[in-house]
């Protein structure tokens, strides 16, 4: 167990050892102002100070507020699609709940309150357990499978047992809010308390830190209010702003759609003429047909359009006639297209295309005179396709004789071996009598 923990901590260091946290003055001209779009309003709850923190789960946007006397924390879950309030719970030990983390695998929300972590069921908001940290922290997120924590001066990793100082120091220039992560980036939000060389007083600022060494700041108009939280749903950013009257709103971004093409190769094997490869069909997660195309040697699905960040899953399979002299590959190719929002260019982009077990179709000519054979230790069935030994025996009904390069029935091998032994025996006897 100790070796696993040490290995995990090393992984965290390798992922973020290149981070260098600097002040806004050092970042200078890298500042870019963003204009998010409001999704819905959140009214201040009577008796509560206003909005403190936010987390986004698979189903909900959960916001936190604290009572005027700091005696109670209110958690409100809004449906992520309809924006309707679906659940409210209160607790007397969550504090201000300034920052929260979401574990998609375990389906839990973790609230940080000084030295304590409170783990809740993400769907019911029912508390499951409490964890006591070795020292007080003010912000939390998940990063590469770990808790990433922050106090007023530095960042730490926490694996459930060990709290490790990553020796990544934070500027004290601003009143810190929360931290969140997306892929290999850490977004650290801060509210500017006083005017400086780069920002106006009262302006909210987000710092981006990237393991490639890229650093950037993003600012928001003072009219939006104070930025309380920045979180991500897969790749869609959600921002929580609170105005001076205690009311607030959830914001995101409007995206310019992007389009791309998906290409699936077809390998012919023994098939020379690919003109009779009929069609291939692309279907989405819901089983709906997105596109049907036909081509020679390659299927090209053009104009796949995406309007927001996310992971888009598709299945590709061939459509072909039953009675034909071609053996078509009837497997399904699984593809995931990952779309992300680039804060630097303020635009969507394709970050990766991930395939399942296979990336292409293999179609073969059905031979007029089927023959099973082995060449250089490789098995070929009656269609000339390379197969495993088990598949070969199953389809061909014969056993390989690797010395001859062909295949001989077992019975003939046995008879041949017996006759050879008898001939040798007879010759020996004859020579002996001579």
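Numbering (my numbering), first residue to last: 10 to 443. Think of the CB as a built atom: it goes at the ideal place given N, C-alpha and C, for glycine as much as any other residue. Small disclaimer: the values here were computed from a predicted structure and weren't measured.
With a cut-off of 8 Å on the beta carbons, I'd call residue 398 and residue 388 a contact; round off their distance for me. 6 Å
Residue 401: first and last residue of the uninterrupted alpha helix (DSSP H) it sits in: In the DSSP assignment, residue 401 falls within the alpha helix (DSSP H) that extends over 398-405.
In the DSSP assignment, what residue or residues form a beta bridge with residue 47? 260
Length at least 3, wholly inside the stretch 85-122: the beta strand (DSSP E) runs in chain order: 94-100, 109-112
Kindly give me the distance between the Cβ atoms of residue 327 and residue 343, rounded to whole angstroms, as I take these residues to be in contact under 8 Å. 14 Å between Cβ atoms; not a contact.
Taking 8 Å as the threshold, find out whether the stretch 241-261 comes into contact with the stretch 318-325 through three or more Cβ pairs. yes
Assuming residue 448 is part of the beta strand (DSSP E), what are its boundary residues? With the chain running from 10 to 443 in the structure shown, residue 448 is simply not present.
Starting from the Cα of residue 48, find the closest Cα among 71, 91, 68 and give me that residue. 91
Mind checking residue 154: buried by the 16 CB within 10 Å criterion, or exposed? exposed
What is the DSSP secondary structure of residue 170, reduced to helix, strand or coil? Coil, per DSSP.
Euclidean distance between Cα positions of residue 215 and residue 226: 6 Å
Can you give me the Cβ contacts of residue 308 inside the same chain, cut-off strictly under 6 Å, excluding the 5 residues immediately before and after it? 273, 289, 302
DSSP three-state label for residue 382, please. Strand at residue 382.
Check whether residue 57 and residue 79 have beta carbons under 8 Å apart: no
Anticipated Cβ contact below 8 Å, residue 362 with residue 346, distance rounded: 5 Å
DSSP state of residue 232, grouped into three classes? helix
With distances taken between CB atoms, is the gap from residue 70 to residue 87 smaller than 8 Å? yes
Look up residue 134 in the DSSP assignment and say whether it is helix, strand or coil. In the structure shown, residue 134 falls within a coil segment according to DSSP collapsed to helix, strand and coil.
Residue 89, buried or exposed, once every other Cβ within 10 Å from all chains shown has been counted against 16: buried
Cut-off 6 Å between Cβ atoms - residues of its own chain near residue 116, not counting five sequence neighbours on either side: Here the set comprises 131.
Since residue 270 is in the beta strand (DSSP E), which residue starts that stretch and which ends it? 267-276
Which residue wins for smallest C-alpha separation from residue 195, given the options 248, 150, 160? 150
At the level of alpha carbons, what is the spacing between residue 187 and residue 263? 23 Å
May I ask you to list the residues that DSSP assigns as paired with residue 146? 123
Check residue 78 in the structure and name its three-state DSSP category. coil
What are the boundary residues of the beta strand (DSSP E) that residue 5 is part of? Summary: the structure shown does not reach residue 5, with the chain confined to residues 10 through 443, and so no result is reported for it.
Taking the alpha carbon of residue 233 as the point to measure from, which residue in 251, 217, 355, 239 has its own alpha carbon closest? 251
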